[in-house]
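J.: Take this structure, written in structure tokens, and hold onto it; I'll ask about it next.
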Amino acid sequence: MPDLPDVVLWSIPAFVLLTVLEIVSYRFHPDDDEQGYAAKDTAASLSMGLGSLLFDAGWKIPIVAIYSFLYELTPLRIPVLWWTVPLMLLAYDFFYYWSHRGHHVIRVLWACHVVHHSSRHYNLSTALRQPWTSATSWIFYLPMIVAGVHPAAVAFCGSVNLVYQFWIHTERIGRLPRPVEYLFNTPSHHRVHHASQGGYLDRNFGGILIVFDRWFGSFAAEAEQPVYGLTKNISTYNPLKVATHEYAAIARDVARATTWGDRLRHLVKGPGWQPAPRTDSPAASPESALA
């Protein structure tokens with residue numbers, strides 16, 4: 222097994238320090254165009270982050286078992302060397318793009334990821350607002366395992382990818398030099414991703430790099446001021462409700478559905494999908510509209 226550090230664990234002190242510094246910066250340099258911090262919202266984000274550490278420990282058990290089983294089956298092996306690790310990080314970032322995109326356009330996956338978008342604020346504490354049901358991403362990285370990347374190396378790449386994205390959750394940093402903005406995911410690009418306006422929805426899925434969004438047609442540059450949160454915001458700071466509210470909404474929609482096809486579509490279609498009104502229902506008939 223390759224000897225790789227736990228990047229997230231080692232980064233926690235930096236997360237705390239940088240968040241405190243950002244809070245202080247708002248105290249001494251407020252900006253009316255920025256959302257800043259709110260006590261209840263920040264507490265909810267921190268609670269979600271701490272909870273995700275506990276739940277992820279449980280989810281990792283079956284995922285590691287599956288990865289290890291497939292790794293033993295494949296005859297391929299990619300060693301962990303100084304020049305292979307950057308290639309692994311690049312491959313992980315590519316599959317992260319598709320995982321992230323899938324978690325926006327497939328509702329049952331969105332039910333997990335929506336947690337991260339549920340805050341109406343955008344600051345470093347928002348980066349810590351992580352889901353408790355993150356057992357839906359592992360399948361996207363199976364090609365790396367089959368190609369011979371050790372499961373520990375995949376986990377390391379995931380940690381690096383996650384840690385990188387911490388600093389881009391801020392309004393305190395504006396546009397960076399053009400080459401950086403062209404290649405990398407930046408605060409400007411990620412503010413677009415967290416915005417709820419129509420032109421910004423489902424844009425900028427990149428983790429470390431933004432070039433995949435440019436190549437696959439999902440890029441949008443920051444123009445108008447982002448409005449953060451969801452198209453239908455939740456009005457709770459209860460961590461359990463934040464973690465599960467979309468699953469509850471799916472359950473309600475599935476229970477109300479009248480066909481098995483619609484029940485399935487409530488799971489695999491986009492978050493806003495609803496069945497078309499039945500033409501034989503009273504609400505859809507011309508006579509009922511004129512009554």
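Numbering of the sequence shown is given in my numbering, commencing with residue 222 and proceeding in unit increments.
We treat Cβ as the ideally placed atom computed from N, Cα and C, and that holds for glycine.
Because the structure is a prediction, the values reported are computed rather than measured.
1) For my contact list, residue 406 and residue 243 are in at a C-beta cut-off of 8 Å; report their separation, rounded to the angstrom.
2) Going by DSSP, name the residue or residues bridged to residue 449.
3) Excluding five sequence neighbours on each side, which residues of the same chain lie with their C-beta closer than 7 Å to the C-beta of residue 454?
4) On the premise that residue 355 lies in contact with residue 267, defined as a C-beta separation below 8 Å, what is that separation, rounded to the nearest angstrom?
5) Classify residue 351: buried if its beta carbon has 16 or more other beta carbons within 10 angstroms, exposed otherwise.
6) Report buried or exposed for residue 437, applying the criterion of at least 16 other Cβ atoms within 10 angstroms of its Cβ.
7) Using a threshold of 7 Å, state whether the C-beta atoms of residue 426 and residue 298 are closer than that.
8) Whole angstroms is fine: what's the gap from residue 286's alpha carbon to residue 253's?
9) Using the Cβ count rule (16 or more neighbours within 10 Å means buried), how would you classify residue 403?
10) Run through the DSSP bridge pairs and tell me what residue 430 is partnered with.
11) Going straight from the alpha carbon of residue 308 to that of residue 497, what length do you get?
12) Check whether the segment 412-424 touches the segment 442-454, taking contact to mean three or more Cβ pairs, one atom from each stretch, closer than 8 Å.
13) How would you call residue 353, buried or exposed, if buried means at least 16 neighbouring beta carbons within 10 angstroms?
14) So residue 372 packs on residue 289, CB below 8 Å; how close in whole Å?
15) DSSP three-state label for residue 353, please.
16) Going by the CB atoms, is the gap between residue 362 and residue 316 shorter than 7 Å?
17) Could you tell me which of 379, 472, 390 sits nearest to residue 311, measuring between CA atoms?
18) What first and last residue would you give for the alpha helix (DSSP H) that runs through residue 473?
19) How about residue 463 and residue 370: do their beta carbons lie closer than 7 Å?
20) Measuring straight from C-alpha to C-alpha, what distance separates residue 329 and residue 397?
21) Which residue spans inside the segment 273-331 form an unbroken alpha helix (DSSP H) run of at least 4?
22) CB-CB under 7 Å to residue 394, same chain, minus the five flanking residues each way: which ones, in chain order?
23) Could you check where the alpha helix (DSSP H) with residue 233 kicks off and where it finishes?
24) Please determine, among 331, 368, 240, the residue with the shortest C-alpha to C-alpha distance to residue 348.
T.: Taking the structure as given:
1) Here residue 406 refers to the residue found at position 185 when the sequence shown is read from its first residue. Here residue 243 refers to the residue found at position 22 when the sequence shown is read from its first residue. In this structure, residue 406 and residue 243 do not form a Cβ contact; the two beta carbons are roughly 19 Å apart against a cut-off of 8 Å.
2) The residue labelled residue 449 in the question sits at position 228 within the sequence shown. Paired residue(s): 416.
3) Walking along the sequence shown from the start, residue 454 turns up at place 233. Same-chain partners within the cutoff: 341.
4) Here the question's residue 267 lines up with position 46 in the sequence shown. Here the question's residue 355 lines up with position 134 in the sequence shown. About 17 Å; that fails the 8 Å criterion.
5) The count along the sequence shown starts at 1 and reaches residue 351 at position 130. A residue is called buried once 16 or more other Cβ atoms fall within 10 Å of its Cβ, and residue 351 is buried on that count.
6) In the sequence shown, counting from the first residue as 1, residue 437 sits at position 216. Under this definition residue 437 is an exposed residue.
7) To locate residue 426, count along the sequence shown from 1; it is residue 205. To locate residue 298, count along the sequence shown from 1; it is residue 77. Contact: no.
8) The residue given as residue 286 occupies position 65 in the sequence shown. The residue given as residue 253 occupies position 32 in the sequence shown. Distance between the alpha carbons of residue 286 and residue 253: 50 Å.
9) The sequence position of residue 403 within the sequence shown is 182, counting from 1. So residue 403 counts as exposed.
10) Here residue 430 corresponds to residue number 209 of the sequence shown, with the count starting at 1. For residue 430, which the question treats as bridged, DSSP gives the partners 405.
11) Position 87 of the sequence shown, counting from 1, holds the residue named residue 308. Position 276 of the sequence shown, counting from 1, holds the residue named residue 497. Taking the straight line from one Cα to the other gives about 46 Å.
12) Yes: at least three Cβ pairs fall under 8 Å.
13) On the sequence shown, residue 353 is found 132 positions in, with the first residue counted as 1. Under this definition residue 353 is a buried residue.
14) Taking the sequence shown and counting its residues from 1, one reaches residue 372 at position 151. Taking the sequence shown and counting its residues from 1, one reaches residue 289 at position 68. That belief holds up - the Cβ atoms of residue 372 and residue 289 are roughly 6 Å apart, short of 8 Å.
15) The sequence position of residue 353 within the sequence shown is 132, counting from 1. Note: residue 353 maps to coil in three-state DSSP.
16) Within the sequence shown, the letter at position 95 stands for residue 316. Within the sequence shown, the letter at position 141 stands for residue 362. Contact: yes.
17) For the purposes of this step, residue 311 is taken as the residue at position 90 of the sequence shown. The residue with the shortest Cα to Cα distance from residue 311 is 379.
18) On the sequence shown, position 252 is the one that residue 473 refers to. Under the DSSP assignment, residue 473 falls in the alpha helix (DSSP H) whose first and last residues are 460-477.
19) For the purposes of this step, residue 463 is taken as residue 242 along the sequence shown, with counting starting at 1. For the purposes of this step, residue 370 is taken as residue 149 along the sequence shown, with counting starting at 1. Cβ distance not < 7 Å, so residue 463 and residue 370 don't count as in contact.
20) By one-based count along the sequence shown, residue 329 stands at place 108. By one-based count along the sequence shown, residue 397 stands at place 176. Going by the C-alpha atoms only, they are around 35 Å apart.
21) 305-326
22) The count along the sequence shown starts at 1 and reaches residue 394 at position 173. Here the set comprises 408.
23) The residue you call residue 233 lines up with position 12 of the sequence shown. Run containing residue 233: 228-249, per the alpha helix (DSSP H) assignment.
24) Numbered from 1 along the sequence shown, position 127 holds the residue referred to as residue 348. It is 240 whose Cα lies nearest to the Cα of residue 348.
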